[in-house]
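Residue numbers (this note's numbering), protein chains in the order written: chain V, 1 to 127; chain A, 1001 to 1127; chain B, 2001 to 2127; chain Y, 3001 to 3127.
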């Protein structure tokens, strides 16, 4: 978790560096998410998530009691996504939410995906 | 709980009766929420809720870990409120949600308030 | 629109009839959503929606300025869905929401789908 | 608007500086929101917002067509609040949302309040 926290701060710094001239020095921290290696993907993927066949992405199907519970989960996840500026691909019907995570900017998986996946697990009560 | 379920169905029937000519017979089921007596209020008020001073209403202050948790609670409650066509008065700041419930149509408390209060307790994990 | 309103009231009555012994007389109003004929589908499908290939369902892809706008649309639609007890299949990524509507209980399309579709159009500002 | 954008980036940098040892140099950018002067409050307060009597805060009462519209507004505002890590005090009943904004960390108003107020105006379609 410490790793992910650090990653999150770093990705924000990178974001800021790109926007804020005064932070020019921080720019070197990396301007975009770093693509994870296969080993990193294996070790960092949170419980319950699996890699998608034929695509560098992870996915998980969450099941809830009803739409109300599923929607509470989605509402918290939406806040987290907007805050991280990292949005899921998700499909919902009634009490199921099928989430796929990947990072466009690195054409693969980054630590942002692992962090959002971990937070969604927590929101779903299965962290 | 059985009592409240029944009440809910009845209030919907009343709503429908008012809107649906074909249901004229159902109109007699009562066109608006029935105001609870003091005894009923005492026996039906869910755990954690108290009566408001100087007003026929009940209130409860919910406390959560953070805004995300509070928002999940509010999101589920919003669904329930819209479904019941019975909306709360609520105040939120960060991790607290202060809810007040009353029924305009009967100028007091009805079983709708008791049901919404019970559902909110459940959503907050304190049912 | 009048037709859909009526339909909605009727489906609720059916729901109530199934739950409320006192409403036994209303039961005959029909216990489940009625499957629309091809002609009805053609005439009732709201603007922007098309039939899904190989399945009796309608779909529409909504595009918004950003996730925030898409989420506002989904939040209103969630309230409507819960209120109607009729939930969409929907896929979201960032600013797009792809919605598919069908009615399990009649293995096809019912007026509920047409009503939810019309309300979603309104929520998206394209009614 | 340019001023507010800058302010927002700065407050995030400050937040990061406090969390990220590697960013020690950024710490001097200011660790907490700066309290606005009376002149700044007057010139920066967005349309429709007024100062609260007896408290350094701004408020606005938003009115919508119904709960659904009010909730869409709140849902977008919640995303913005979480993203800014700056949360409103707000009261909702049915179609009205009464918002009060202030900044705890500076015991008064900061540019964060002005930015959130401006974004809420935009969400309410009155920017």
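We put the beta carbon where it would ideally sit given N, CA and C, even for glycine.
Can you name, in chain order, every residue of its own chain whose Cβ lies under 8 Å from the Cβ of residue i, other than the five neighbours on each side?
i                      : result
residue 55 (chain V)   : 102
residue 34 (chain V)   : 106, 110 and 111
residue 3095 (chain Y) : 3063, 3064, 3065, 3066, 3067, 3069 and 3070
residue 1080 (chain A) : 1116, 1119, 1120 and 1123
residue 2050 (chain B) : 2058, 2059 and 2060
residue 3073 (chain Y) : 3062, 3064, 3097, 3120, 3123 and 3124
How far does the beta strand (DSSP E) with residue i in it reach, from first residue to last?
i                      : result
residue 1090 (chain A) : 1089-1093
residue 3100 (chain Y) : 3096-3101
residue 3060 (chain Y) : 3058-3063
Can you name, in chain order, every residue of its own chain whose Cβ lies under 7 Å from the Cβ of residue i, other than the five neighbours on each side?
i                      : result
residue 2121 (chain B) : 2046, 2047, 2048 and 2127
residue 61 (chain V)   : 96 and 98
residue 3092 (chain Y) : 3070 and 3074
residue 3039 (chain Y) : none
At a Cβ threshold of 8 Å, is residue i touching chain Y?
i                      : result
residue 79 (chain V)   : yes
residue 2118 (chain B) : no
residue 2075 (chain B) : yes
Please report whether the beta-carbon of residue i lies at a distance below 8 Å from any beta-carbon of chain B.
i                      : result
residue 3043 (chain Y) : no
residue 3037 (chain Y) : no
residue 3110 (chain Y) : no
residue 3125 (chain Y) : no
residue 1024 (chain A) : In this predicted model, residue 1024 (chain A) has a pLDDT of only 35, less than 50, meaning its place in the structure is not dependable; the value taken from the coordinates is given anyway. Not an interface residue.
What residues in its chain sit with their C-beta under 6 Å from that of residue i, if we drop five residues either side in the sequence?
i                      : result
residue 100 (chain V)  : 57, 59 and 89
residue 1041 (chain A) : 1109
residue 2087 (chain B) : 2081
residue 3044 (chain Y) : 3114
residue 52 (chain V)   : 59
Let's test the definition: count the other Cβ atoms within 10 Å of the Cβ of residue i and tell me whether it reaches 16, buried, or not, exposed.
i                      : result
residue 3113 (chain Y) : buried
residue 2082 (chain B) : buried
residue 37 (chain V)   : exposed
residue 2077 (chain B) : buried
residue 3075 (chain Y) : buried
How far does the alpha helix (DSSP H) with residue i in it extend, from its first residue to its last?
i                      : result
residue 1123 (chain A) : 1111-1123
residue 2055 (chain B) : Premise fails: residue 2055 (chain B) is in no alpha helix (DSSP H) and is neither H nor E.
residue 3042 (chain Y) : 3038-3044
residue 80 (chain V)   : 67-84
Looking at the C-beta of residue i, does it have a partner C-beta in chain V at a distance below 8 Å?
i                      : result
residue 3027 (chain Y) : Its pLDDT being 34, under 50, residue 3027 (chain Y) is placed unreliably by the model, and the measurement read from it follows with that caveat. Not one chain V Cβ lies under 8 Å of residue 3027 (chain Y).
residue 3047 (chain Y) : no
residue 1018 (chain A) : In this predicted model, residue 1018 (chain A) has a pLDDT of only 40, less than 50, meaning its place in the structure is not dependable enough to derive any value.
Problem set entry | Interface positions of the region 2079-2096 of chain B facing chain V (Cβ-Cβ less than 8 Å), listed along the chain | 2081, 2082, 2087, 2088, 2089, 2090, 2091, 2092, 2093 and 2094
Exercise. Taking a cut of 8 Å between CB atoms, which residues from the region 2058-2072 of chain B lie near chain V?
Worked result: 2067, 2068 and 2071
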